[in-house]
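Mapping to full-length UniProt numbering: the sequence shown position 109 is 109, numbers consecutive.
Note that the Cβ used here is the ideal one computed from N, Cα and C, for glycine as well.
Scroll down for the structure; my scribbles are underneath it.
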Amino acid sequence: MSPRAVVVGPPGSGKSTVGPLLAAALGVTFRDTDDDIVARAGRAISDIFADDGEPAFRALEEEAVATALAEHDGVLSLGGGAPLSPGTRARLQDHTVVFLNVGLAAGVQRTGMSSARPLLAGINPRATFKALLDQRLPVYREVATVEIETDKLTPEEVVAAAVAALEPDRVREQ
Ligand SMILES: Nc1ncnc2c1ncn2[C@@H]1O[C@H](COP(=O)(O)OP(=O)(O)O)[C@@H](O)[C@H]1O
Ligand SMILES: O=C(O)C1=C[C@@H](OP(=O)(O)O)[C@@H](O)[C@H](O)C1
Ligand SMILES: [Mg+2]
């Protein structure tokens, strides 16, 4: 069993929003590893970071991703930092991986409304987001089989672009 598509990208790129819509468009089920971690730990992600620290969260995340990759055959959205793990990158090698990209301005705007992301909850989220993009863009590109620039697209337009990339025959037939 293997996911139809794994969705990666920075916070605010739309992995958790577009993932379920993409799953519906492809006629498959959806799973989000952040939800799996919260369910398993019985705590919010911000509480795991605050109580146990980021390394503890990353260990839970690596395990959650490995389990979901083995169990799930629909669309699987990961948390933004998941591909930082070399083990996770190795596991993603044989999968269809959709990289939803987002630029600094849109990324900050989309994540600014929520305090649910502990990494971006500091005093200068813009600088943090820029450093995060600089560090991670090469990592996302290393694992991606498809890249979609989401800044100027609605979630529905992102889904259409993803379906066109994943199932070009289907789009041509319409
Ligand atoms: N293409 C888009 N255009 C505008 N807003 C978006 C888009 N994709 C996601 N959003 C919004 O950005 C916020 C973060 O989206 P989310 O799916 O949680 O991102 P991620 O899971 O990648 O961190 C949500 O408020 C969502 O509604
Ligand atoms: O970028 C990151 O390191 C994180 C992104 C979050 O998920 P989203 O990318 O879905 O916001 C969540 O996993 C956690 O707060 C850490
Ligand atoms: Mg998410």
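Opening and closing residue of the alpha helix (DSSP H) in which residue i lies
i	result
Ile48	Ile45 to Asp52
Leu153	It is not in any alpha helix (DSSP H) - Leu153 carries neither H nor E in the DSSP assignment.
Pro20	Lys15 to Leu26
Leu84	Premise fails: Leu84 is in no alpha helix (DSSP H) and is neither H nor E.
Arg110	Leu104 to Thr111
CB of residue i within 8 Å of CB of residue j, strictly
i	j	result
Asp34	Ile48	no
Leu78	Lys15	yes
Ala66	Phe99	no
Val28	Asp73	yes
Val108	Pro125	yes
Leu133	Leu104	yes
Pro83	Tyr140	yes
Val159	Leu22	yes
Gly12	Arg110	yes
Asp32	Gly19	yes
For residue i: DSSP bridge partner residues
i	result
Glu142	None, per the DSSP bridge assignment.
Glu147	Phe99
Ala5	Val75
Length of the line joining the Cα atoms of residue i and residue j
i	j	result
Asp36	Arg170	32 Å
Ile148	Pro10	12 Å
Leu92	Gly122	31 Å
Val97	Val7	6 Å
Arg40	Lys152	35 Å
Ala116	Leu76	20 Å
Ala162	Phe30	15 Å
Ser114	Thr17	14 Å
Glu142	Lys130	19 Å
Ser85	Glu62	7 Å
Leu120	Gly112	8 Å
Ala5	Ala25	12 Å
Glu71	Pro3	8 Å
Ala50	Glu157	36 Å
First through last residue of the beta strand (DSSP E) which encompasses residue i
i	result
Asp32	Phe30 to Asp32
Proximity test, residue i beta-carbon vs ligand 4 heavy atom, cut-off 7 Å
i	result
Asp36	As far as ligands go, the structure on display features ligand 1, ligand 2 and ligand 3 and does not contain ligand 4.
When you get a sec, list the residues whose CB is within less than 6 Å of any heavy atom of ligand 2, chain order please. In chain order, the hits are Pro11, Lys15, Ser16, Asp34, Ile45, Gly79, Gly80, Gly81, Arg117, Pro118 and Leu119.
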